[in-house]
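Trainee: Quick one: this structure, given as structure tokens, is what I'll be asking you about.
Residue numbers (mature numbering (1 follows the signal peptide of the UniProt record, and there is no 0)): -33 to -1, 1 to 385.
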């Protein structure tokens, strides 16, 4: 896709004699000013290269030809994992009880411990009396027994066992309270502003709360950061202690593209479901909280997934090794530098609208060398029909060393006339 670029004609060897004369005349003054740690150049307006699209980021579903389905739930959200964009949502920031959806974050922290070699899948965990006595859904582990981490993960993810959650929480952090603190630290790291955990299970507590926006972020991060453990979430059943329990996510049986994630239910939270599906290389997460029944959460989730896949495309605009914009550099060995993203940039749009996406860049001016690769200097907004779909930071993509003395002086003079 062609990207907006603004290139200025810069030919130092064609500079007018007047500019050169001024540069030579002012050289002692400018050199002294630089040595005295004054500003490297006369003040110049910090203007945008291109006027960015204004307004908040828009959920792309608002631009769809087919509106989102009418769902019966307290709050819901659908998110494209590749782009990270919210497709559509209702009550995204309303405080809700997560019930056993809590175990998504519990698993995330456990996976961190596994990857950090603080746990091993074949490691045996002692089951405390405290874990054994935990109320609610259970794996039916026995007190003072030894159970492997792999078995306990299946108990948490497939069977939604609260006893298994507490056992692994104690194995990771020493106590469930300490483990909940780790969950909250991770929530803060992920930028979850509406989430607070009190336990590892999701058993009701007045301060154990989240939002569907935060749940979607947890799910997205879980499937992207730990794909090696995603197979647990598509497992349809698990037998432990001669007790066979089915995964409560009914969509695993009805839709072959669904490969996770987690159900939840308490009387106060209602029926909840976070689902993910992969179709033609594109992954979507849906979140349903507060449905009236198991059947309702399943039906709502499938409607939301189907609508999200059928009415939207997710396209790659540019790779992280290609600039989104070329920017003018002052006082550097190079006259321009590429600005881009640290990661490949994907955008979700209504079906067929990909060619209409407009990238517009806004960055600090003037850009004065030396510039270091990876320095953040602005943002790029991706807009459609005058609405901002997403905003990403702009980084300098290569080092630009400072120019020689004469070249710097010439640019200082040129800046006076900008």
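All C-beta atoms in this analysis are idealised placements derived from N, C-alpha and C, irrespective of residue type, glycine included. Just so it is clear, the structure is predicted and the values come from calculations on it, not from any experiment.
By the 10 Å Cβ neighbour count, where 16 or more other Cβ atoms means buried, how is residue 42 classified, buried or exposed?
Mentor: Label assigned to residue 42: buried.
Trainee: Would DSSP call residue 175 helix, strand or coil?
Mentor: Of the three classes helix, strand and coil, the one that applies to residue 175 here is coil, per DSSP.
Trainee: Under the DSSP definition of a beta bridge, which residues are partnered with residue 305?
Mentor: Paired residue(s): 293.
Trainee: To the nearest angstrom, how far is the alpha carbon of residue 59 from that of residue 26?
Mentor: Residue 59 and residue 26: Cα-Cα distance of roughly 11 Å.
Trainee: In whole angstroms, give me the CA-to-CA distance for residue 194 and residue 246.
Mentor: Whole-angstrom Cα-Cα distance: 16 Å.
Trainee: Which of helix, strand or coil does DSSP assign to residue 352?
Mentor: Residue state, collapsed to three classes: coil.
Trainee: Does residue 317 pass the burial test, meaning 16 or more other C-beta atoms within 10 Å, or should it be called exposed?
Mentor: Classification for residue 317: buried.
Trainee: Can you give the beta carbon distance from residue 306 to residue 292, rounded, assuming they're within the 8 Å contact cut?
Mentor: Confirmed, Cβ separation roughly 5 Å.
Trainee: Can you list the alpha helix (DSSP H) stretches of 4 or more residues lying completely in the segment 183 to 251, in chain order?
Mentor: Here the runs fully enclosed are 218 to 221.
Trainee: Can you tell me whether residue 297 is buried or exposed? The criterion is at least 16 other CB atoms within 10 Å of its CB, across all chains shown.
Mentor: It is buried - the Cβ of residue 297 has at least 16 other Cβ atoms within 10 Å.
Trainee: Count the CB pairs spanning the segment 77 to 91 and the segment 243 to 259 that are closer than 8 Å, and state whether there are at least three.
Mentor: Output reads no: the segment 243 to 259 does not touch the segment 77 to 91.
Trainee: If you draw a straight line from the C-alpha of residue 33 to the C-alpha of residue 374, how long is it?
Mentor: When rounded, the distance between both Cα atoms is 57 Å.
Trainee: Ordered along the chain, which non-local residues of its own chain (more than five positions away) have a Cβ less than 7 Å from that of residue 151?
Mentor: 163, 164.
Trainee: Pick helix, strand or coil for residue 320, following the three-state DSSP scheme.
Mentor: It is coil, neither helix nor strand.
Trainee: Is the beta carbon of residue 63 sitting closer than 8 Å to the one on residue 224?
Mentor: It is not a contact, given that the beta carbons lie outside the stated cut-off.
Trainee: When you compare each of 69, 267, 99, 214 to residue 125 by their alpha carbons, which one comes out closest?
Mentor: The option with the nearest alpha carbon to residue 125 is 214.
Trainee: Could you tell me the alpha carbon to alpha carbon distance between residue 287 and residue 61, rounded to whole angstroms?
Mentor: For residue 287 and residue 61, the distance between alpha carbons rounds to 35 Å.
Trainee: Nearest to residue 207 by alpha carbon, out of 172, 320, 128, 142?
Mentor: Of the candidates 172, 320, 128, 142, the one whose C-alpha sits nearest the C-alpha of residue 207 is 128.
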